[in-house]
Structure formats: structure tokens, C-alpha cells
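Student: My questions will all concern the structure given below.
Residue numbers (this note's numbering): 614 to 1194.
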């Protein structure tokens, strides 16, 4: 009655019925107690199960026959519910205290299997060996040999595993034989996937049920896929889809087919097959992977039109499966799709959600940066700066620090706060000299000082750029600007000399003109500075120095028509000075 009630889902009534069976019922008492404890386990009430088993062992103590059965059945129940350590204890009690032949081999096998599950392989092997040497039944021998084969495989003794599994594969138990063959194929596949193919194909010929055929075809399709034999994989998976009994096996078959098309870049066909899974088998374990692959397929198509499909798939993924390990990647790819479309605010929102929700994700730091970049592209500079500051606080050692600093500097520039950008550019050059932003930052410093007409400092910054980054593509531009700045600086200095000359401050004027010639010898103003030095000396009536400077002008520039006016001026003054003392 208890069993019937349990099958109907009436657990409380079933437990009450099991509890009414007393010790006087003998073996039925043991069976009822075990059934009650099992029901407790199945309904998640482990304490109730333990109490029931403890009571069973206490009440049967002293009754050798019932006590032996109680310990043996308790051990089996622990093993069934994966309480392997307790199972080992109970099987050991049976083996050491109740060496009854009718279940001694089963006790050794059960204990060996429990040791096996606990990865205590030496003890498991010893128990399996006992069974095989103690005249087991045909069925138990095959079970033990199969378990031994699995153990050998687990510890890397493949040759021994193959030998014993071949015995099981030829045995009378069809289910064990089929499982042994599959294990043999796994071993062959581990050594060389190609060697497993003829074995699979041979076994497939002898498979009797659709279930067995589907299992073999699934393994075969996976081997074909590993070997990139895509046509064969597609054919094998198609057969699985036709004869598979469970949604999981059918969905997995479609997934393999779709992956073949994905790998061969037939993305549209891949999308069709992935969609079969997401639409017809949405509850299967493989469905999230299929949806993610749809997004990747659209992404790989790489057209403007395919971006929408990619964004839709990844958005659907992170909404349906927020706890899936691939959810951060789905957010990331969806946000990038929006970014590529120029939907800056939407991209910023998705990047923000990713960084907020998965702060330890591999995508988090970059997503925070891309959030700021999206706002920057939308020209929301204050909001962008706040995000860049947040990144620098949250991830101060991440690879996007220099990116954030550089973008923050440009936010300041576009917000008419150029002077505040200068220390940031200097920080980038000093701390991140190997960054792609270092040369641009140094160049921007030159541009800044040029823009505010601080030509002397602009010259310093452009020269530093050329020195620090001699191979950069902007070096030619920097040299051109330096030439322009040389003329500007030469003119400014020359003009100071002219003003001093006009005021009659000839000594200081001469010093300034000399500085023009020393600092800017290639400048257009160098010749004029030399001429005016002569004129200043002439005004001071230092005629020897005047004649020397005029003669220098004629010697240096007399053959260049461009300076004919200055040369003629010097010649005429030299003529006048011939009579001067």
C-alpha cells in the first residue's frame, strides 16, 4: 500500500503506511523501512531518512538474519542516493560481520562501486577482484568486468581496459555489451578519433533499437565534427534528428549540423538550424547555446543589415538567461552592435548594465570605457567624463586607463576647458609612454600652446614629440609646424629688436638681433637681423662693427636675388662709411 501511495505522490500517507509495518513482519519490515527512508531522500528530507535508517538498524540488532539484511539494504540505499562514504561503512559492516554467501559478492561489488565513485581506485579494484575470484553469477561477473574496465580507463590503464571491455562486449547482457562497445570506442577515440570511425560504423550495423542507433550516431557525428568531416557529420546528425527519442538528443543533432554550417561560413543555413532548436526545443539544455550562436552567425555575416539580427539575438539571450555564463558576452556583443549602428545612448545603456551587473567579468572594464565613449560620441561630454572617472576609480590598473584619460582630456577640450586637459596629456606621456595615446597626447600639447599663441612653448612640445616618437606618422607634420613656429618666433624676437632700435636702445637691440641669428639662422628674419645689427652699430657710430656686419650680409646673401634689397642697402651704407672714421 505504501508503494502505491508513493507512486501517486501522496508522500505523507505513504510514509504513514510504511511506519505501520513492525519488526514482526521480518523482511517486510526491513523493506518498508528502506522504502520510507528512500522516500524521505527523494523528497529532500534527509534527516527523516537518517532517523528511519537508525531506527531500523537499532531494532534489528541481535537478529542476525534481519540485521544482515538491514545493513545490506541500508548500504544499497546510501549508494543509490550518492552517500558513498556511508555506503562504504555499511557494506564493510556486512562484509566483516555477516559473511553470508547470498549477498557477499554483491556487498563487495557495492563497496567497490562506492570506492570507485569516491575515486579511491586501489580499494575499488581490490573489491572488484574479490568478486571476480569468488564465483559470481554471470550477470554480476559482467557488471564487475565492466566496472573494472571503467576503472582502468579512469587511471590511464587503457590496454587493460580494452582487454576486459572486449569480454563484456561479447557477453550475454545486451545492454552491458552495448555500453562496453561505446566505452571501447571512447578509448579508441581518445587515442585517435579517426580510428573510432570504423568501430562506430561496425557497431551501428548491429544496433537493434532506435535508442542504441541514436547513441552511436551521436558519437559518430561528434567524431566526424572533430575531424572536420562536415558532410558526414551533417548526415549522421540528420539521422539522429529523425530517430532520436528525446528532445535533448534531437536538439543536439540540429546543433551539430548548425555548427558544421557555421564552421564552413554558411551562416544563413546555420541560423536556420539554430532557430529550429530555439523555436521547437526551447527547454533543452542546448537551446541557450543555439541562441548565442544565432547572434554570432549574424555577427560573422558582417553586413550592416545583419547587425540588427545580431543585436536582437544577443539581447534576447541576456534577457532569457541572465545567469548563464555567456550572459556578459551577450551584453557585450549586443552593445557593440548598437555602437556600430551609431545608437549611442542605447549602446551606453547596455554597456553600463553589463559593467554594473557583472563587475568581475572580463568585459566589465572595457564596457565601462565604451559606455563613456558612447556618451562622448553623443557629445554628452559631462556625462562621459563622469563615466571615465568612474572607470579610473573602479579599475585603476586595467588596460583602459590610458584610453579613459585621453578621452577625458578631449571631453575637457570640447567643453572649452582646454587648460585642464594639459596635465592629463602630460600624465599620459609620463606614465603610459608605450600607449598609442602617448604620441597623440604630446602632439596635442603642441597644438594647445599653438592655439593660445604661446609659440615658444608650442615649439618645445613639438620638438619633444619628434624626440620621443621619431617614427610616428605625425613627425612630418610636427617638423612643418616647427618650421612655421621658427618663423613666427624669429619674427617676434626680431620685432622686439626693431622696437628697441626705434627707441634708440641700440645695445639691447644688437643683442636681440644677434639672438635671432643664433636661434633662427635659417629664418627669413636672420638676414634682416644682421642688416639691422649693422645699422645699430652705425647709429652708435661704431663704424668698424657696422662695416663688418654690412660686409657679412653682402658675403652671405649677395648671390641670392631674394635678398637684393638688403644687400643693396648694405652696399650703399658701406659706400657712405668709406669716409667715416
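Just so you know, even glycine gets a beta-carbon here, dropped at the ideal spot from N, CA and C.
It should be emphasised that the depicted structure is a prediction, and the values quoted were computed from it without experimental measurement.
How many angstroms separate the CA atom of residue 744 from the CA atom of residue 726?
Tutor: About 12 Å.
Student: Rounding to the nearest angstrom, what Cα-Cα distance links residue 978 and residue 1046 in this structure?
Tutor: Near 21 Å, if we compare the C-alpha coordinates of residue 1046 and residue 978.
Student: Under the rule that 16 or more other beta-carbon atoms within 10 Å means buried, what is residue 1120, buried or exposed?
Tutor: Exposed: under 16 other Cβ atoms inside 10 Å.
Student: In this structure, how does DSSP classify residue 615 when only helix, strand and coil are distinguished?
Tutor: With a pLDDT of only 47 at residue 615, under the threshold of 50, the placement of this residue in the model should not be trusted; the figure read from the coordinates follows. Note: residue 615 maps to helix in three-state DSSP.
Student: Answer with buried or exposed for residue 641, where buried requires no fewer than 16 other C-beta atoms within 10 angstroms of its C-beta.
Tutor: By the 10 Å Cβ count, residue 641 comes out exposed.
Student: Within its chain, find whatever has a CB closer than 6 Å to the CB of residue 950; leave out the 5 residues flanking it on each side and keep chain order.
Tutor: Excluding positions up to five away in sequence, the list reads 920, 923, 924.
Student: What are the uninterrupted segments assigned as alpha helix (DSSP H) that are 4 or more residues long and contained completely in the stretch 638-718, given in chain order?
Tutor: Listed in chain order, they are 640-655, 659-673, 677-693, 697-710.
Student: Is it buried or exposed, residue 635, if we count other Cβ atoms within 10 angstroms and call 16 or more buried?
Tutor: Classification of residue 635: exposed, given that the 10 Å Cβ count is below 16.
Student: Between which two residues does the alpha helix (DSSP H) carrying residue 1047 extend?
Tutor: Careful: residue 1047 lies outside any alpha helix (DSSP H) and carries neither H nor E.
Student: Mind checking which residues open and close the alpha helix (DSSP H) that includes residue 773?
Tutor: Start and end: 771-782.
Student: Looking at residue 1057: is its Cβ nearer than 9 Å to the Cβ of residue 1103?
Tutor: No, the Cβ-Cβ distance between residue 1057 and residue 1103 is not below 9 Å.
Student: Residue ranges of each alpha helix (DSSP H) run of no fewer than 4 residues wholly in the stretch 875-924, ordered along the chain?
Tutor: As far as the stretch 875-924 is concerned, its whole alpha helix (DSSP H) runs of at least 4 residues are 880-893, 900-914.
Student: Under the three-state reduction of DSSP, which class applies to residue 964: helix, strand or coil?
Tutor: Residue state, collapsed to three classes: helix.
Student: In the DSSP assignment, find the alpha helix (DSSP H) that holds residue 764 and state where it starts and stops.
Tutor: Residues 751-767.
Student: Quick check on the burial criterion: 16 or more other C-beta atoms within 10 angstroms. Buried or exposed for residue 667?
Tutor: Counting Cβ neighbours within 10 Å, residue 667 comes out exposed, since fewer than 16 surround it.
Student: Run through DSSP, which three-state label would residue 1012 get?
Tutor: In this structure, residue 1012 counts as coil in the three-state DSSP scheme.
Student: Reducing DSSP to helix, strand and coil, say where residue 1024 ends up.
Tutor: Note: residue 1024 maps to helix in three-state DSSP.
Student: Below 9 Å between beta carbons: does that hold for residue 1110 and residue 1126?
Tutor: In contact: residue 1110 and residue 1126 (Cβ atoms closer than 9 Å).
Student: Can you grab the Cα-Cα spacing for the pair residue 766 / residue 739, in whole Å?
Tutor: So the two alpha carbons sit approximately 16 Å from each other.
Student: Near residue 1122, which residues of its chain fall below 6 Å by C-beta distance, leaving aside the five closest residues on each side in sequence?
Tutor: Answer for residue 1122: 1110, 1113, 1114, 1149, listed in chain order.
Student: Does residue 1093 pass the burial test, meaning 16 or more other C-beta atoms within 10 Å, or should it be called exposed?
Tutor: Per the 10 Å Cβ criterion, exposed.
Student: Output the boundary residues of the alpha helix (DSSP H) element that contains residue 973.
Tutor: Here residue 973 belongs to no alpha helix (DSSP H), and DSSP marks it neither H nor E.
Student: Could you check the C-alpha separation between residue 822 and residue 794 for me, to the nearest Å?
Tutor: Using only the alpha carbons, I get a separation of about 15 Å.
Student: I believe residue 890 touches residue 899 by the beta-carbon criterion, under 8 Å. Please report the beta-carbon distance rounded to the nearest angstrom.
Tutor: Between residue 899 and residue 890 the Cβ distance is about 6 Å, and since that is below 8 Å, they are a contact.
Student: Going by other Cβ atoms of all chains shown within 10 Å of its Cβ, with 16 needed for buried, is residue 859 buried or exposed?
Tutor: Exposed, since its Cβ has fewer than 16 Cβ neighbours within 10 Å.
Student: For residue 1016, count the other beta carbons within 10 Å of its own beta carbon; 16 or more makes it buried, fewer makes it exposed. Which is it?
Tutor: With 16 or more other Cβ atoms within 10 Å, it is buried.
Student: Measuring alpha carbon to alpha carbon, tell me which residue in 886, 880, 878, 879 is nearest residue 865.
Tutor: When each option's Cα is compared against that of residue 865, the closest is 886.
Student: Where does the unbroken alpha helix (DSSP H) through residue 940 begin, and where does it stop?
Tutor: Note, residue 940: alpha helix (DSSP H), 940-953.
Student: Tell me the residue span of the alpha helix (DSSP H) that contains residue 1107.
Tutor: Where residue 1107 is concerned, the enclosing alpha helix (DSSP H) stretches over 1088-1115.
Student: State buried or exposed for residue 719, treating a residue as buried only when at least 16 other CB atoms are found within 10 Å of its CB.
Tutor: Looking at its Cβ environment, which holds 16 or more other Cβ atoms inside 10 Å, residue 719 is buried.
Student: Below 8 Å, how does it come out for the stretch 1144-1161 and the stretch 1177-1184: are there three or more Cβ pairs, yes or no?
Tutor: With a cut-off of 8 Å, the stretch 1177-1184 and the stretch 1144-1161 count as touching, because enough Cβ pairs lie within range.
Student: Out of curiosity, what's the CA-to-CA distance linking residue 649 and residue 825?
Tutor: So the two alpha carbons sit approximately 35 Å from each other.
Student: Taking just the CA atoms, how far does residue 956 sit from residue 800?
Tutor: Approximately 52 Å between the Cα atoms of the pair.
Student: Straight-line CA distance for residue 871 to residue 971?
Tutor: Near 30 Å, if we compare the C-alpha coordinates of residue 971 and residue 871.
Student: Let me check understanding here. Comparing Cα to Cα, which of 1124, 1036, 662, 830 lies closest to residue 1142?
Tutor: That would be 1124, whose Cα lies nearest to the Cα of residue 1142.
Student: For residue 985, count the other beta carbons within 10 Å of its own beta carbon; 16 or more makes it buried, fewer makes it exposed. Which is it?
Tutor: Classification of residue 985: buried, given that the 10 Å Cβ count is 16 or more.
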